[in-house]
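S.K.: Numbering (mature numbering (1 follows the signal peptide of the UniProt record, and there is no 0)), first residue to last: -18 to -1, 1 to 188. A virtual CB, placed ideally from N, CA and C, is assigned to each residue, including glycine.
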Amino acid sequence: MIIPIFFSLSFLVSSTNAADFCVGDLNGPVGPAGYSCKKTVTVNDFVYSGLAATGNTSNLIKAAVTPAFSAQFPGVNGLGISIARLDLAVGGVIPMHTHPGASELILVMHGTLLAGFMSSDSKSVYSKTLNEGDIMVFPRGLLHFQINAGKTQSVAFVSFNSADPGIQIFHLSMFANDLPTGVIAKTTFLDTAQIKKLKGVLGGTG
Ligand SMILES: *[C@@H]1O[C@H](CO)[C@@H](O)[C@H](O)[C@H]1NC(C)=O
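1) Strictly by DSSP, which residues pair up with residue 98?
2) Judging by CA-CA distance, which residue of 15, 3, 48 is the nearest neighbour of residue 27?
3) Can you name, in chain order, every residue of its own chain whose Cβ lies under 6 angstroms from the Cβ of residue 60, other than the five neighbours on each side?
4) Let me confirm a value: residue 134 is counted as buried when at least 16 other C-beta atoms fall within 10 Å, else exposed. Which label applies?
5) Residue 155: beta carbon under 7 angstroms from a heavy atom of ligand 1?
6) Hey, residue 70 and residue 130: beta-carbon distance below 8 angstroms or not?
7) Among 108, 81, 89, 107, whose alpha-carbon lies nearest the alpha-carbon of residue 114?
8) Express the C-alpha separation of residue 42 and residue 53 in angstroms, rounding to a whole number.
9) Label residue 76 either buried or exposed according to how many other C-beta atoms from any shown protein chain fall within 10 Å of its C-beta, with 16 as the threshold for buried.
10) Could you check what DSSP says for residue 87 in three-state terms: helix, strand or coil?
11) Closer than 7 angstroms by C-beta to residue 82: which residues in its own chain qualify, once you throw out the five before and the five after it? Chain order, please.
12) What does the shell around ligand 1 hold, if a residue joins when its beta-carbon is under 6 angstroms from any heavy atom?
13) Tell me the rounded alpha-carbon separation between residue 153 and residue 118.
14) Using a 10 Å radius around the Cβ and a threshold of 16 neighbouring Cβ atoms, would you call residue 36 buried or exposed?
15) Compare the Cα-Cα distances from residue 145 to each of 159, 63, 72, 20 and report the closest residue.
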């Protein structure tokens, strides 16, 4: 009796360990399911201090997004979760964007944010001023934004139900690449002058 019990227990222990986690090997290939698993793991693979520092908001949007996705924090690889820090200076904005791979939950730590998203049928806007301690969810894939609506620097943390939520910023997709001005004008009904201006600011050509 003893030998079968021993074998079944050791099988349970090893199979549980194998399924516990898959810390990402950033030197290995990455695909839709994430990174392959790192072979040797320590507690430091499950700890990340990159969100402690205030992001640099000296930029066009007066804001900074500091991600702790699987590429920065491989401990979340395969776990379906991640987090990022948002810093917004006075007047700062996280421009209209979507996360193709995840819903988002924001927690305001300091300051006041105006945040919102639009429904996919474009008929409804869900927008509200958020204060310290407030949380709000942004359903997967929907266009959304955050604006510092207060008179102080604001800090928020956004968590995602994906280790790699992805981010597509609307204005960068439209005006920061070589999509021809004529095509943009035709597909957005914007004036050519405005398109050229935005391409100039955001580094687009064509
Ligand atoms: C913040 O970014 C600006 C613009 O890139 C840079 O000039 C400045 O040195 C940065 N500040 C810090 C503290 O890194």
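M.R.: In this structure, then:
1) Sequence index remark: in the sequence shown, residue 98 carries index 116 (1-based). Beta-bridge pairing links residue 98 to 109, 127.
2) Numbered from 1 along the sequence shown, position 45 holds the residue referred to as residue 27. Looking at the Cα atoms, 3 is the closest of the given residues.
3) Here residue 60 refers to the residue found at position 78 when the sequence shown is read from its first residue. Hits under 6 angstroms: 4, 16.
4) For the purposes of this step, residue 134 is identified with residue 152 of the sequence shown, where counting begins at 1. By the 10 Å Cβ count, residue 134 comes out exposed.
5) As a first step, residue 155 is located in the sequence shown; it is residue number 173 there, counting from the start. No - ligand 1 has no heavy atom lying nearer than 7 angstroms to the Cβ of residue 155.
6) Sequence index remark: in the sequence shown, residue 70 carries index 88 (1-based). Sequence index remark: in the sequence shown, residue 130 carries index 148 (1-based). Cβ distance < 8 angstroms, so residue 70 and residue 130 count as in contact.
7) For the purposes of this step, residue 114 is taken as residue 132 along the sequence shown, with counting starting at 1. Comparing Cα positions, the closest option is 89.
8) Here residue 53 corresponds to residue number 71 of the sequence shown, with the count starting at 1. Here residue 42 corresponds to residue number 60 of the sequence shown, with the count starting at 1. Answer to the nearest angstrom: the Cα atoms are 25 angstroms apart.
9) In the sequence shown, counting from the first residue as 1, residue 76 sits at position 94. Residue 76 should be labelled buried.
10) Start at 1 with the first residue of the sequence shown, and residue 87 comes out as number 105. If DSSP states are grouped into helix, strand and coil, residue 87 belongs with the strands.
11) Here residue 82 refers to the residue found at position 100 when the sequence shown is read from its first residue. Cβ within range, chain order: 123, 148, 150.
12) 38, 40
13) Here residue 153 corresponds to residue number 171 of the sequence shown, with the count starting at 1. Here residue 118 corresponds to residue number 136 of the sequence shown, with the count starting at 1. When rounded, the distance between both Cα atoms is 23 angstroms.
14) If you number the sequence shown from 1, residue 36 lands on position 54. Counting Cβ neighbours within 10 Å, residue 36 comes out exposed, since fewer than 16 surround it.
15) Mapped onto the sequence shown, residue 145 falls at position 163. The option with the nearest alpha carbon to residue 145 is 63.
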